[in-house]
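A.B. asks: Mapping to the UniProt record's numbering: the sequence shown position 109 is 109, numbers consecutive. One structure, pasted below without further comment.
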Amino acid sequence: MSSGPRIYVGRIVHPKSLKQLEILPQAALGVRENGKIAFLERQLPDPPALKTMYAAEGFVDAMTIYLKPSEFLFPGMIDTHLHAPQWPNLALGMEGELRDWVENYTDPMEASYSDNDKARRVYSDVVSTTLKLGSTTVAYNTTHHVEATNILAKTAFDKGQRAIVGKMSITQGSTHGNWEDSIEESLAASERDLEFMKALDPERRLVHPCVQPRGGPYCPPELMAGLGEQREKYDAYVQGHMCETQSDIDRTLALHTPHTSYTAMYKSHNLLTPKSIMAHCIHLQPTDISNLLSTGAGVAHNPNSNTCLRDGICRVRDLLSAGIKVGLGTDCSAGYMPSIHSAMRSASNVSRNLAMQTGEERYILGFSELVFLATLGGAEVLDMRDRIGSFEEGKEFDALVVDVEGVISVEEGMWGEGSGRDEDLVKKWVFLGDDRTIRKVFVRGRLVGGHDVDG
1 MSSGPRIYVG
11 RIVHPKSLKQ
21 LEILPQAALG
31 VRENGKIAFL
41 ERQLPDPPAL
51 KTMYAAEGFV
61 DAMTIYLKPS
71 EFLFPGMIDT
81 HLHAPQWPNL
91 ALGMEGELRD
101 WVENYTDPME
111 ASYSDNDKAR
121 RVYSDVVSTT
131 LKLGSTTVAY
141 NTTHHVEATN
151 ILAKTAFDKG
161 QRAIVGKMSI
171 TQGSTHGNWE
181 DSIEESLAAS
191 ERDLEFMKAL
201 DPERRLVHPC
211 VQPRGGPYCP
221 PELMAGLGEQ
231 REKYDAYVQG
241 HMCETQSDID
251 RTLALHTPHT
261 SYTAMYKSHN
271 LLTPKSIMAH
281 CIHLQPTDIS
291 NLLSTGAGVA
301 HNPNSNTCLR
311 DGICRVRDLL
321 SAGIKVGLGT
331 DCSAGYMPSI
341 HSAMRSASNV
351 SRNLAMQTGE
361 ERYILGFSEL
371 VFLATLGGAE
381 VLDMRDRIGS
391 FEEGKEFDAL
401 VVDVEGVISV
411 EEGMWGEGSG
421 RDEDLVKKWV
431 FLGDDRTIRK
441 VFVRGRLVGG
451 HDVDG
C-alpha cells in the first residue's frame, strides 16, 4: 500500500476513556505520509471536500479507502507481557502450578537459546504471528542470552512491530542451567544489549530497550541495584514479575531484607517508574498499591495464565479504582493463546469468576473496559498514551482493519445503514471473531500484517 497520505472512510471504533468506547458509523480518518493521524472527522463530508479542507496538510491527492459495510477500523492491540522464548511451549505444562511449570518447562526451554539459529527461527514466527493476531506493540520477555535477545529486537524492527525488548537478568533460584554465572556478567550483558538497541533504533520509533530482572527471587540486591543504574543511564523500560504467588513474595522478601513488600524492594533500586511494567500483581498488599500509584508504574494483567497456572486472579477493579495503570498481557506460554483479542475474553471471564468468589459484582469488567485494557490501557502502561492506543489527532496510525462478515451469528442486516447495531457488531467480533477477521494490520501507517497480507 502507498505510504502517501490516505483517507479512510467508514466505521471507526476506538476508546476515549475506560468507560467510553466511541463507535462512529460513518467517519473519516486521515493518515499523513509519516504515519501520523492528521484528522478524525466524526461528521462525514464528501471525500473531495475533505481533500480541500486538508489541502494545506498534503491531502489534495490523498488515496481514499472506503471500508466495506462489514468492516471497521480498530486500534492496534497492545500486549504488555509475552515471553518470546517460551513460544514452543504454548499449550504445554498447564497441569502443574507455577514452580512445577517453571522448573519442568520454562527453565529448560529458556536455557536452549544459546542456539542462535533456534532464536532466529522461533522469533521470526513469534513476531509474524503476533502481528497477524493484531498485536502492533508487544513487551517481550526474553532470556539471559545476549545474541538471542538482539535477534528478537532486530526481528521486530525488520518486520515493523513496535516492541519493548531487553535481556533477562537471573543469577540464582533457577534450574537446568538457566542462569548467569555472576552479577558482573549479568550487568555487562545487559549493557551490551542496551547499546545494541540504542544503535538499532536510536530514535526509538519501534524498538524500546528495557532492563529485565526476572523477579525478586532470582536477582540479589546488588544485581537489582545495577539494573536500576542502567535504567536511569539509558532511560530504559523495566519489565519485572511481581506478586504472582505467595511463594514468590516469600522468597523475594527472604532474599531482599529488610524490605516488607515487593514494591518496596523494586522502588529502593530505582526500578519503579512510569516506564515500569509489572506483570501479574495478583497478591498485593496495600503498600504495593500505594507504591505503584506514587511511582506511576503499570500492571500487566494476564488473565489466561491466572487461570492456567491457578496463581489467583488479579483484582483489576481495585487497581483501576486506585488510579493504577492496567493493560492486558498474554503471558505466553503460561497463557496458551498469544492473542490480546483472546485476552479480552479471558479478562471478562476471570473478572466474573472473581465476582462469584467474592460476591462483589463490582469486579465484573464492562465491555468498554475490556477494549480499553487491550488498547489505550496498554498504551498507558507502556507510557505511550500520547503515541498509540486510539485514533486521536497526532498519534501514530497503529490500526487494524476488522471484517465481521462470516462471524458466527452476524447477519448482513446488522451492518446496514441506519441499523443501529454498531456496538453489537463490535461485541460479536470481540467474543466470536478469530484471526481471519483481522484483515490488515498497520504500525506507524505501514502495512505489516493481517489475513489479507499473510494469507
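All residues carry an ideal CB built from backbone N, CA and C; glycine is no exception. Predicted model only: the values in this text are computed from it and were never measured.
Is it true that the region 104-114 meets the region 316-327, where meeting means three or more beta-carbon pairs spaced less than 8 Å apart?
C.D. replies: Because the criterion of three Cβ pairs below 8 Å is not met, the region 104-114 and the region 316-327 do not touch.
A.B. asks: Looking at F74: is its Cβ nearer than 7 Å to the Cβ of V402?
C.D. replies: The answer is yes: Cβ separation under 7 Å.
A.B. asks: Let's see if you can read the secondary structure: which residues bound the alpha helix (DSSP H) around T136?
C.D. replies: That residue, T136, is in no alpha helix (DSSP H); its beta strand (DSSP E) goes S135 to N141.
A.B. asks: Looking at the structure shown, is V453 part of a helix, part of a strand, or coil, going by DSSP?
C.D. replies: It is helical.
A.B. asks: By DSSP, does L90 sit in helix, in strand, or in coil?
C.D. replies: Here L90 sits in coil by DSSP.
A.B. asks: Starting from R11 and walking both ways along the beta strand (DSSP E), at which residues does that stretch end?
C.D. replies: That run of the beta strand (DSSP E) goes R6 to P15.
A.B. asks: One question on the structure: do T142 and M168 come within less than 7 Å of each other, judged by their Cβ atoms?
C.D. replies: Contact: yes.
A.B. asks: Counting pairs of beta carbons, one from the region 305-316 and one from the region 353-366, are three or more of them closer than 8 Å?
C.D. replies: Contact holds: three or more Cβ-Cβ distances are below 8 Å.
A.B. asks: At the level of alpha carbons, what is the spacing between A84 and F72?
C.D. replies: When rounded, the distance between both Cα atoms is 30 Å.
A.B. asks: Quick one: does the C-beta of S124 sit closer than 6 Å to a heavy atom of the ligand HEM?
C.D. replies: With respect to the ligand HEM, the structure offers nothing, as it holds no ligand at all.
A.B. asks: Measuring only the C-alpha atoms, how far is E244 from Y237?
C.D. replies: Between E244 and Y237, the C-alpha separation is close to 20 Å.
A.B. asks: Could you tell me whether the region 30-39 touches the region 436-448, where touching means 3 or more Cβ pairs closer than 8 Å?
C.D. replies: Verdict: yes, contact present.
A.B. asks: Put E22 into one of helix, strand or coil per three-state DSSP.
C.D. replies: E22: strand per DSSP, three-state reduction.
A.B. asks: Under a three-way DSSP split, which group does S2 fall into?
C.D. replies: Interpretation of S2 is limited by its pLDDT of 46, a score under 50 that renders its predicted location unreliable; no figure is taken from the coordinates.
A.B. asks: For the beta strand (DSSP E) that P209 lies in, which residues bound it at each end?
C.D. replies: V207 to P213 is the span of the beta strand (DSSP E), which, as asked, contains P209.
A.B. asks: How many Å lie between D331 and N270 at the Cα?
C.D. replies: Distance between the alpha carbons of D331 and N270: 25 Å.
A.B. asks: Quick check: I408 and A374, are their CB atoms within less than 7 Å of each other?
C.D. replies: No, they are not a contact pair.
A.B. asks: Would you call the region 63-71 and the region 7-14 in contact, with 3 or more CB pairs under 8 Å?
C.D. replies: The region 63-71 vs the region 7-14: in contact.
A.B. asks: Sort out for me which residues DSSP pairs I277 with in a bridge.
C.D. replies: DSSP output for I277 lists Q239 and G298 as bridge partner(s).
A.B. asks: Among T129, Y123 and D158, whose alpha-carbon lies nearest the alpha-carbon of A148?
C.D. replies: Of T129, Y123 and D158, the residue nearest in Cα terms is Y123.
A.B. asks: If you check the beta carbons only, do R231 and V207 fall under 7 Å apart?
C.D. replies: Going by C-beta atoms, R231 is not nearer than 7 Å to V207.
A.B. asks: For I164 and I249, what's the separation of their Cα atoms in angstroms?
C.D. replies: Between I164 and I249, the C-alpha separation is close to 26 Å.
A.B. asks: G327 lies in the beta strand (DSSP E); which residues open and close that run?
C.D. replies: From DSSP, the beta strand (DSSP E) with G327 extends over K325 to L328.
A.B. asks: For the alpha helix (DSSP H) containing L432, name the first residue and the last one.
C.D. replies: D422 to L432 is the extent of the alpha helix (DSSP H) around L432.
A.B. asks: Just the C-alpha distance for H283 and S390, rounded to the nearest angstrom, thanks.
C.D. replies: Near 31 Å, if we compare the C-alpha coordinates of S390 and H283.
A.B. asks: Counting only the same chain and skipping the five closest in sequence on each side, list residues whose C-beta sits under 7 Å from that of E203.
C.D. replies: Counting only Cβ-Cβ distances below 7 Å, and skipping sequence neighbours, we find nothing.
A.B. asks: Please determine, among L328, E412 and R436, the residue with the shortest C-alpha to C-alpha distance to M77.
C.D. replies: Comparing Cα positions, the closest option is L328.
A.B. asks: Whole angstroms is fine: what's the gap from E185's alpha carbon to G4's?
C.D. replies: Straight-line Cα distance between these residues: approximately 47 Å.
A.B. asks: If we call anything under 7 Å between Cβ atoms a contact, is F442 one with L18?
C.D. replies: No.
A.B. asks: Could you spell out where the alpha helix (DSSP H) holding P221 opens and where it closes?
C.D. replies: From DSSP, the alpha helix (DSSP H) with P221 extends over P221 to Y234.
A.B. asks: Give the straight-line distance between the Cα atoms of A28 and P303, rounded to the nearest whole angstrom.
C.D. replies: Computed Cα separation, rounded: 35 Å.
A.B. asks: Go through the region 117-186 residue by residue and report every complete run of the alpha helix (DSSP H) that reaches 4 residues or more, in order.
C.D. replies: Within the region 117-186, the complete alpha helix (DSSP H) runs of at least 4 residues are 146-159.
A.B. asks: So which of M242, A379 and L365 has the shortest CA-CA distance to A347?
C.D. replies: With distances taken between Cα atoms, A347 lies closest to L365.
A.B. asks: Which residue or residues does DSSP assign as beta-bridge partners of I64?
C.D. replies: Looking at the sequence itself, residue 64 is Thr, so the reference to Ile does not match. BP columns for T64 point to I7.
A.B. asks: Measuring only the C-alpha atoms, how far is I388 from R162?
C.D. replies: If I take the Cα positions, the gap works out to 10 Å.
A.B. asks: Strictly by DSSP, which residues pair up with L82?
C.D. replies: Per DSSP, Y140.
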